[in-house]
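Numbering (my numbering), first residue to last: 1 to 247.
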C-alpha cells in the first residue's frame, strides 16, 4: 500500500499512485513538460533538476536560458553581499522583463551550449525522496578515505598519559581534574562535515553551513543542494570565511 498525503488516499502500489498523480487536478502541474507532481516541493525539485528548466529556487523564478540563470545568480541583489565589490562599477539595465536572458546571451554564451549527454526525459515516477541517498553516498566516499582511516588509527594508538599509568601501578586513585583556564587553547576548532578535517580554506553556503572550500565546491558541482540541509545552493553563492585557528 502507498499513500498520497495531498489527497489523503491509499493506493495498492507505486504505479497506481503515480497514475493518480498524473490525472488528479489536485496535484501541481508543470505546463511546459505536461506532467503533475506529488506536491509543490517535488515540482520545485523538477524545476531544479530538469534540463528543460532554468530555475532559481531561492527566488522561485524561471528563466528562458541557462545563461539567464547565471546572470541572475551573478548580478541579482539577493545573491550578493558587501564583499562583491568587483562589479559595482558596471551599469546594468534591469528595468525590462527578461533582461537576464538578453545579457546572458552575450556575457555567458557557453552556458547555453547543451551538454553532450544531456537527457531530456526524466523518470516519470520521480519523487522527492528518491535522491536522498545520493548525498549519503557522496559523504561515505569522504568518510572512507585512506587519510581519514589513518587519522583514526593514529588517534587510537596514542599512549595513555604518564600520570594515568603511574596511578594504576601504585593503586592510587586521583579525582579527575577540570582543565585549568590558563591552559585553555585560544581560537575555535571546526571540522568539515564532508572530509571531517580542519579546513585550511573555509566557505559558507547561503544556508549558513561551513565546509572546507574544495569539498563544498566538488559537492555542489554535482548536486545543487547543501549536503547538510539539502537547501538549494550553487558554487556562485559560496562566501569565504576567515576563522581564527587553534594556537
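Where is the CB? At the ideal position from N, CA and C, for every residue including glycine.
Go ahead and pull the three-state DSSP assignment for residue i.
| i | result |
| --- | --- |
| residue 44 | helix |
| residue 112 | helix |
| residue 35 | strand |
| residue 215 | helix |
| residue 205 | coil |
| residue 106 | helix |
| residue 9 | strand |
| residue 54 | strand |
| residue 210 | strand |
| residue 239 | strand |
| residue 225 | strand |
What residues in its chain sit with their C-beta under 7 Å from that of residue i, if we drop five residues either side in the sequence?
| i | result |
| --- | --- |
| residue 75 | 92 |
| residue 241 | 202, 203, 204 and 210 |
| residue 26 | 6 and 7 |
| residue 48 | 55, 57, 224 and 232 |
| residue 9 | none |
| residue 44 | 57 |
Leaving out the 5 sequence neighbours to the left and right, which residues in its chain are closer than 6 Å to residue i when beta-carbon positions are compared?
| i | result |
| --- | --- |
| residue 206 | 233 and 237 |
| residue 135 | The predicted position of residue 135 is uncertain, since its pLDDT is 44 and thus under 50; a value taken from the coordinates is nonetheless stated next. Here the set comprises 227. |
| residue 216 | 203 |
| residue 199 | 192 and 212 |
| residue 14 | 2 |
| residue 40 | 28 |
| residue 235 | 217 and 220 |
| residue 108 | 67 and 70 |
Could you tell me how far apart the beta carbons of residue i and residue j are, in whole angstroms, since I believe they sit closer than 8 Å?
| i | j | result |
| --- | --- | --- |
| residue 71 | residue 104 | 4 Å |
| residue 20 | residue 33 | Contact flag wrong, Cβ pair sits at about 18 Å. |
For residue i, I'd like the list of residues in its chain whose CB is within less than 8 Å of its CB, leaving aside the five on either flank, ordered along the chain.
| i | result |
| --- | --- |
| residue 78 | 58 and 59 |
| residue 35 | 22, 29, 46 and 124 |
| residue 11 | 1, 2, 3, 4, 17 and 20 |
| residue 190 | 198, 199, 202, 210 and 243 |
| residue 73 | 56, 79, 234, 236 and 237 |
| residue 61 | 55 and 72 |
The alpha helix (DSSP H) spanning residue i covers which residue range?
| i | result |
| --- | --- |
| residue 21 | 14-23 |
| residue 72 | 66-75 |
Determine the extent of the beta strand (DSSP E) in which residue i is found, giving its start and end residues.
| i | result |
| --- | --- |
| residue 3 | 2-4 |
| residue 63 | 61-63 |
Checklist entry - Contact between the stretch 62-69 and the stretch 100-114: three or more CB pairs below 8 Å? => result yes
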